[in-house]
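Residue numbers (the working numbering): 2 to 82. Positions of the beta carbon are idealized from the N, C-alpha and C atoms, including for glycine. A short worksheet on the structure shown next.
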């Protein structure tokens with residue numbers, strides 16, 4: 002019958018995406034100690050040399066991925082405006 006078209010106005014935000022991104026970041030940060038413990042367990046085992054050095058960087062890469070998720074969400078929200 003009648004269709005109501007809602008125009009996206011400047012300044013409107015999609016709260017669902019913002020909430021989902023927030024939950025994803027909280028979940029990933031909650032898993033950070035688990036990642037650190039897994040790395041410490043692996044290094045304490047039989048890994049030596051360059052493999053151990055690279056394995057020590059896994060928590061840092063994990064945190065960069067979490068920061069990247071947040072940054073990508075912010076960029077995608079603001080490019081739609």
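Which residues in the same chain as residue i place their Cβ atom closer than 6 Å to its Cβ, once the five residues preceding and following it in sequence are excluded?
| i | result |
| --- | --- |
| residue 59 | 40 |
| residue 29 | 67 |
Could you check how far apart the C-beta atoms of residue i and residue j are, in whole angstroms? I think they sit under 8 Å.
| i | j | result |
| --- | --- | --- |
| residue 70 | residue 25 | 6 Å |
| residue 64 | residue 42 | That pair is no contact at about 19 Å. |
For residue i, which residues of its own chain have a beta-carbon under 8 Å away from its beta-carbon, when the five flanking residues on both sides are left out?
| i | result |
| --- | --- |
| residue 22 | 70, 71 and 74 |
| residue 57 | 40 and 44 |
May I have the straight-line CA-CA distance separating residue i from residue j, to the nearest angstrom?
| i | j | result |
| --- | --- | --- |
| residue 51 | residue 37 | 18 Å |
| residue 44 | residue 27 | 27 Å |
| residue 55 | residue 77 | 32 Å |
Spatial neighbours of residue i within its chain, please: C-beta separation below 7 Å, excluding the five flanking residues on both sides.
| i | result |
| --- | --- |
| residue 16 | none |
Report whether the distance from the Cβ of residue i to the nearest heavy atom of the ligand SAH is below 7 Å.
| i | result |
| --- | --- |
| residue 43 | Looking for the ligand SAH in the displayed structure turns up nothing, as the structure carries no ligands at all. |
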